[in-house]
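These protein sequence lines are chains A and B, in that order. The numbering used here numbers the first residue of the first sequence as 1 and each following residue consecutively. The numbering used here numbers the first residue of the second sequence as 1 and each following residue consecutively. Note that the Cβ used here is the ideal one computed from N, Cα and C, for glycine as well. Only a predicted model underlies this, so the values are computations on that prediction, with no experimental measurement involved. A short write-up of the structure that comes next.
Number of protein chains: 2
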Amino acid sequence: MNDTGLPLPTASASTVVTRERLLDVAERLFVRHGFEATSLRKITAEAGANLAAVNYHFGSKESLVQEVLRRRLDRVNRERLLALDALEKAAAGKPLKPSKILEAFFGTLLRIAKEEPQSGPTFLKLLGRTMTEPADFIRAFLADEYQHVLERYKSALFRALPDVPRAEIIWRFHFMLGATAYAIAGTDSLKLVTRWTEPESAEVPRSARKTARDADQLSERLMSFLIGGLRAPLPKSIDPPERKTPCR
Amino acid sequence: MNDTGLPLPTASASTVVTRERLLDVAERLFVRHGFEATSLRKITAEAGANLAAVNYHFGSKESLVQEVLRRRLDRVNRERLLALDALEKAAAGKPLKPSKILEAFFGTLLRIAKEEPQSGPTFLKLLGRTMTEPADFIRAFLADEYQHVLERYKSALFRALPDVPRAEIIWRFHFMLGATAYAIAGTDSLKLVTRWTEPESAEVPRSARKTARDADQLSERLMSFLIGGLRAPLPKSIDPPERKTPCR
DNA sequence: GTCTATATCATGATAGAC
DNA sequence: GTCTATCATGATATAGAC
Numbered sequence: 001m002n003d004t005g006l007p008l009p010t011a012s013a014s015t016v017v018t019r020e021r022l023l024d025v026a027e028r029l030f031v032r033h034g035f036e037a038t039s040l041r042k043i044t045a046e047a048g049a050n051l052a053a054v055n056y057h058f059g060s061k062e063s064l065v066q067e068v069l070r071r072r073l074d075r076v077n078r079e080r081l082l083a084l085d086a087l088e089k090a091a092a093g094k095p096l097k098p099s100k101i102l103e104a105f106f107g108t109l110l111r112i113a114k115e116e117p118q119s120g121p122t123f124l125k126l127l128g129r130t131m132t133e134p135a136d137f138i139r140a141f142l143a144d145e146y147q148h149v150l151e152r153y154k155s156a157l158f159r160a161l162p163d164v165p166r167a168e169i170i171w172r173f174h175f176m177l178g179a180t181a182y183a184i185a186g187t188d189s190l191k192l193v194t195r196w197t198e199p200e201s202a203e204v205p206r207s208a209r210k211t212a213r214d215a216d217q218l219s220e221r222l223m224s225f226l227i228g229g230l231r232a233p234l235p236k237s238i239d240p241p242e243r244k245t246p247c248r
Numbered sequence: 001m002n003d004t005g006l007p008l009p010t011a012s013a014s015t016v017v018t019r020e021r022l023l024d025v026a027e028r029l030f031v032r033h034g035f036e037a038t039s040l041r042k043i044t045a046e047a048g049a050n051l052a053a054v055n056y057h058f059g060s061k062e063s064l065v066q067e068v069l070r071r072r073l074d075r076v077n078r079e080r081l082l083a084l085d086a087l088e089k090a091a092a093g094k095p096l097k098p099s100k101i102l103e104a105f106f107g108t109l110l111r112i113a114k115e116e117p118q119s120g121p122t123f124l125k126l127l128g129r130t131m132t133e134p135a136d137f138i139r140a141f142l143a144d145e146y147q148h149v150l151e152r153y154k155s156a157l158f159r160a161l162p163d164v165p166r167a168e169i170i171w172r173f174h175f176m177l178g179a180t181a182y183a184i185a186g187t188d189s190l191k192l193v194t195r196w197t198e199p200e201s202a203e204v205p206r207s208a209r210k211t212a213r214d215a216d217q218l219s220e221r222l223m224s225f226l227i228g229g230l231r232a233p234l235p236k237s238i239d240p241p242e243r244k245t246p247c248r
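And the structure:
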């Protein structure tokens with residue numbers, strides 16, 4: 001209750017709109033051209049805002065980048081933790097199936113991306129781009145904010161695969177992150193893939209709801225690949241004492 | 001033989017040295033901070049050369065980037081083609097083993113990187129960084145120069161896995177490229193990995209020859225993972241008519 | 001809260017002396 | 001081939017009007 005009777009909500013609503021528009025535009029440009037190559041001029045121009053708007057709303061370009069990331073990643077990682085909680089509760093102390101763990105980690109991501117056909121693909125590309133970004137402040141941000149999620153999943157995998165050397169699990173988790181990030185990242189990578197595809201396979205450009213199907217297929221394809229990689233026979237020369245060859 | 005008796009070789013040798021030094025320094029900085037974030041000023045300063053040197057020797061920053069890439073990638077892709085030639089010649093018309101194809105593609109890369117303990121790791125990181133770089137001129141450069149190598153390997157995989165849908169093979173090749181690029185790219189990613197590793201696993205920083213062992217282990221670990229992923233069971237919903245489940 | 005105008009600086013590139 | 005000096009441009013950030 002304010003004593004002026006002025007429509008405060010209207011003013012702040014307009015503010016929110018501008019702020020959100022900046023985030024949306026910035027995200028899209030970051031995905032397309034990278035963080036470094038995207039200037040505040042391009043962002044504010046395309047958002048129909050003033051050049052000073054970013055600094056007013058976020059304080060700096062770095063803060064804008066972090067906000068763009070946080071807006072997406074907070075939810076994903078929150079749900080990742082919830083999914084793991086649910087798995088462990090259901091297992092009641094018994095070790096989890098590795099495929100369930102991967103599903104909770106990577107499946108959660110892909111499911112969230114699929115929910116919004118608009119921003120989903122953009123978000124996936126943003127994440128892929130971010131994971132391969134060299135800028136120090138981005139790497140530090142990711143480590144500070146989301147390290148603990150990786151730690152919990154790492155521990156879960158250790159318990160799920162007790163006779164696989166821990167170093168091996170860590171490496172394979174790393175490989176899986178890479179396959180996911182890269183598969184997801186590239187605008188042009190996808191062009192590359194479709195260019196490879198023979199006409200017989202008829203991979204014509206995306207229609208409205210074809211996108212959702214694409215996401216489904218990507219998810220299934222990726223999960224199959226990841227599980228295959230995680231459970232592959234260990235290399236011969238590694239850790240001879242105990243070896244687990246779950247497959248073949 | 002020149003009629004002045006002046007030491008021509010010395011002058012041109014000095015040129016070569018400067019040129020090469022610029023390439024070396026640029027490569028290192030590109031790996032560390034990315035292409036965009038690395039200015040000509042930093043490069044020339046660190047190389048002990050004049051600011052104008054890059055433009056004199058290469059014409060532009062873009063050309064410098066391309067030269068840095070070409071210097072490394074030409075050899076890798078030449079040897080990749082030779083390795084595939086040798087495989088196909090030895091097979092005499094019969095389809096190749098998928099693992100042999102992966103070995104020729106990814107193994108060649110890792111072997112070359114291992115040969116030079118000095119520049120090898122840098123080169124690997126450069127490649128990983130490059131594959132995830134958004135800049136258009138870099139993507140175009142890679143496509144123009146090395147697309148045909150991917151095409152040949154793609155075809156080889158098609159023949160090696162005749163009852164796996166081609167689209168599936170292409171996706172999995174893509175996943176494999178991603179796992180490799182990412183595994184290889186990160187300075188800080190590696191810091192992440194070692195931070196994860198428990199003290200028991202005793203992954204202390206690199207000594208002189210520990211690097212070579214690390215490269216060996218990375219190679220074996222990566223190849224195991226890739227083969228596991230390539231040969232994983234196909235996702236249920238994909239292409240029901242013919243399915244190949246090489247493993248399990 | 002938003003915009004105009006501007007400050008301050010770093011970038012890639014070039015011209016011309018040596 | 002290398003240097004100095006300089007250019008035009010575009011970057012982030014800020015001060016102050018409205």
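| query | result |
| --- | --- |
| What are the residues of the region 135-146 of chain A that lie near chain B, defined by any Cβ-Cβ distance shorter than 9 Å? | A135, D136, R139, A140 and A143 |
| With three or more beta-carbon pairs closer than 8 Å as the criterion, would you say the region 57-67 of chain A touches the region 22-35 of chain A? | yes |
| Can you tell me whether F35/B is buried or exposed, with buried defined as 16 or more other CB within 10 angstroms of its CB? | buried |
| Compute the Euclidean distance between the alpha carbons of E20/B and A52/B, then round it to the nearest angstrom. | 15 Å |
| Is R254/A helix, strand or coil when you go by DSSP? | Beyond the ends of chain A as shown, which are 1 and 248, falls residue 254/A; an answer cannot be given. |
| Return the chain-ordered list of same chain residues with a C-beta closer than 7 Å to the C-beta of S99/B, the five sequence neighbours on each side being excluded. | I227 |
| Give me the chain A residues within the contact set of A160/B, using Cβ-Cβ distance strictly less than 9 Å, ordered along the chain. | Those do not exist, as A160/B stays about 16 Å from chain A at its closest Cβ, beyond 9 Å. |
| Run through chain A and tell me which residues come within less than 8 Å of G228/B, C-beta to C-beta. | G228, G229, L230, R231, A232, P233 and C247 |
| For the region 170-186 of chain B, which residues have a beta carbon sitting closer than 9 Å to at least one beta carbon of chain A? | I170, W171, R172, F173, H174, F175, M176, L177, G178, A179, T180, A181, Y182, A183, I184, A185 and G186 |
| Have a look at P165/A and L82/B and give me their C-alpha separation to the nearest angstrom. | 36 Å |
| Please specify which runs of the alpha helix (DSSP H), each continuous and at least 4 residues long, are wholly inside the region 48-122 of chain A, giving them in chain order. | 53-58, 61-91, 98-102 and 108-115 |
| Counting Cβ pairs closer than 8 Å, one from the region 168-183 of chain B and one from the region 162-182 of chain A, do we hit at least three? | yes |
| Can a CB atom of chain A be found closer than 8 Å to the CB of E15/B? | The sequence shown places Thr at residue 15/B, rather than the Glu named in the question. For T15/B, the answer is no, since every Cβ of chain A falls outside 8 Å of its Cβ. |
| Suppose the cutoff is 7 Å on Cβ atoms and the five residues either side in sequence are ignored; what does the same chain contact list for F158/A look like? | R166 and I169 |
| Check distances from the C-beta atoms of the region 97-116 of chain A to those of chain B and list, in chain order, the residues that come in under 8 Å. | none |
| Sorted by chain position, which residues of the same chain lie with C-beta nearer than 7 Å to D188/B's C-beta, five sequence neighbours on each side aside? | Unreliable placement is indicated for D188/B, whose pLDDT of 44 sits below 50; the coordinate value is still reported in the next sentence. Taken in chain order, the list of residues that qualify is empty. |
| Which residues in chain A have a C-beta closer than 7 Å to the C-beta of S224/B? List them in chain order. | A232, P233, L234 and P235 |
| Would you check if there are 3 or more beta carbon pairs closer than 8 Å linking the region 114-131 of chain A to the region 100-111 of chain B? | no |
| Restricting to Cα atoms, I'd like to know which of K89/A, R80/A and A140/A is closest to L102/A. | R80/A |
| Report back the beta-carbon spacing between A160/B and F225/A to the nearest angstrom; my notes put them in contact at under 8 Å. | No, A160/B and F225/A are not in contact; Cβ-Cβ is about 17 Å, not under 8 Å. |
| Which of helix, strand or coil does DSSP assign to L234/B? | coil |
| If the cut-off is 8 Å on Cβ atoms, which residues from the region 38-58 of chain B count as contacting chain A, listed in chain order? | none |
| Going along the chain, which residues of its own chain have a beta-carbon closer than 7 Å to the beta-carbon of D74/B, five neighbours each way excluded? | none |
| 8 Å is my cut-off, CB to CB: does E62/B come that close to chain A? | no |
| Would you say E168/A lies against chain B (beta-carbon separation less than 8 Å)? | yes |
| Measure from the alpha carbon of K61/B to the alpha carbon of each residue in A183/B, L22/B, A91/B and A90/B, then state which is nearest. | L22/B |
| Can a CB atom of chain B be found closer than 8 Å to the CB of G120/A? | no |
| Measuring alpha carbon to alpha carbon, tell me which residue in G120/B, L218/B, V31/B and A156/B is nearest F105/B. | A156/B |
| Could you tell me the distance, in whole angstroms, from the CA atom of I43/A to the CA atom of G229/A? | 40 Å |
| Report yes or no: is there a C-beta of chain B within less than 8 Å of the C-beta of H148/A? | no |
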